[in-house]
Amino acid sequence: MNQAVSILGVALMKSLAHVPLGLLRALGWVLGAVLFGMVRSRRRVVMANLQVCFPELSRDQRRGLAWQTFIHFAQAWLDRSWLWHAPAHEVRQRLQLTGAVHELTQPSPETALTETPTSQCPAVIFAPHFMGLDAAWTTLTQQVPRRINTIYFPQVNPVVDRWIMAGRQRFGQGQLVQRGEGAQTLVARLRAGEPLYLLPDLNYEPAESLFVPFFGHVAATVPSLSRFAKLGRAKVVPVLSKLTPKGYTIEVLPAWDDFPTQDVEADTALMNQRLETYIRTMPSQYYWVHRRFKDLPPGVPAVYRK
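Here the sequence shown is numbered in numbering that gives the first Met the number 0, starting from 0 and rising by one per residue.
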């Protein structure tokens, strides 16, 4: 039964690829409003996150921000229809790649002075969990002439798993490395000049995390950005995705010139600090539906109460 429903769901997403973007976004608005009203448990999570991170806002202001978060969540979800199934030229028209794109295409220092550079500078792409994270991945794998790797968490439902894997590997440049394959493969590819698209800003396994500040509150944060950059001898290049009326703007920021250091915990705290500045530019587009403060040190009051 579940697989039959999933097959129908995938078929629906494929059919939505041909719907005009304005109409699709309107459908997303309706879906987001329904989710905001009906999925009360997740709404409480969003409101709790916003209360921790934006205590200066009134409750009504946070509720309005939560409403917008659900709208953007639904719109971004439906956008996967055209990201993964619309004609390639149409996808490209809706994805605007801006900023320091040269950070992802410049040759490595060892080969920069040769006439035919054979390698490109190792880079870890810091991709925060904004709603357009799949749009950013599609943009880079379609428009940057370079193979890019990312960590993939397999889905329990095999139909959904095949659909997501096919969508994220659509343009050939994207390589999904399952988490169980280990870090050695990713480090080797980094050193060979293949960027790593990394999303390290959620609450994953507490045993693998450090407790560092996030919007002034302690948060379990994996130190993978610092460690991959160090092991791969790579620079860190932030890439931000912004949902717009015409599609998405994907901005490549300049590489961090002071990262990584010898202090993994300080690096991880700095990552969160810089992420905060990115979030403040478009707070309703961050992935607040995740329980960011789920795991806390002993003695710290729980954020999510029933």
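Virtual Cβ for every residue (Gly too), placed ideally from N, Cα, C. In this text, all values refer to a predicted model and were calculated from it rather than measured experimentally.
Tell me, which residues are paired with residue i by DSSP?
i	result
S240	I249
A219	F210
F129	Y285
N336	Missing from the structure shown is residue 336; the chain here goes from 0 to 305 and no further.
K234	A122
Which first and last residues belong to the beta strand (DSSP E) in which residue i is found?
i	result
N156	N156 -> no beta strand (DSSP E), and no H or E assigned at all.
Q95	L94 to G98
Take residue i as the anchor and find which of the options has the nearest alpha-carbon.
i	options	result
A187	Q50, K229, Q67 and V159	K229
G215	P194, L274 and Q177	L274
R226	A191, M270, R41 and V155	M270
N148	A32, A182, Q154 and V211	A182
Q95	A206, W66 and G246	G246
Q142	A126, T104 and N202	T104
G231	M12, V38, M37 and L185	L185
Y203	F292, A73, E102 and P19	F292
Please report the straight-line C-alpha distance between residue i and residue j, rounded to a whole angstrom.
i	j	result
T110	C120	Residue confidence for T110 is low, a pLDDT of 44 falling below 50, so the modelled location carries little weight and cannot support an answer.
T267	S14	42 Å
P116	G173	Only weak support exists for where P116 lies, its pLDDT of 43 falling under 50; the coordinates are left without a value.
V45	V90	30 Å
K241	R79	15 Å
W287	R190	34 Å
T220	V123	17 Å
G171	T140	7 Å
T280	R146	30 Å
H101	D256	15 Å
G8	Y196	28 Å
My guess is that residue i and residue j are in contact by the Cβ rule of under 8 Å, so how many angstroms apart are they, rounded?
i	j	result
D133	L82	6 Å
Would you mind reading off the limits of the alpha helix (DSSP H) that contains residue i?
i	result
Q2	N1 to L15
Y203	Y203 -> no alpha helix (DSSP H), and no H or E assigned at all.
Q360	Because residue 360 is not part of the residues shown, which for the chain are 0 to 305, the question remains open.
L295	Premise fails: L295 is in no alpha helix (DSSP H) and is neither H nor E.
D78	R58 to H84
R42	R39 to C52
A187	A182 to R190
Compare the C-beta of residue i with all C-beta atoms of chain C and state if any pair is closer than 9 Å.
i	result
E89	Of the protein chains in the structure, only one exists, and it is not chain C.
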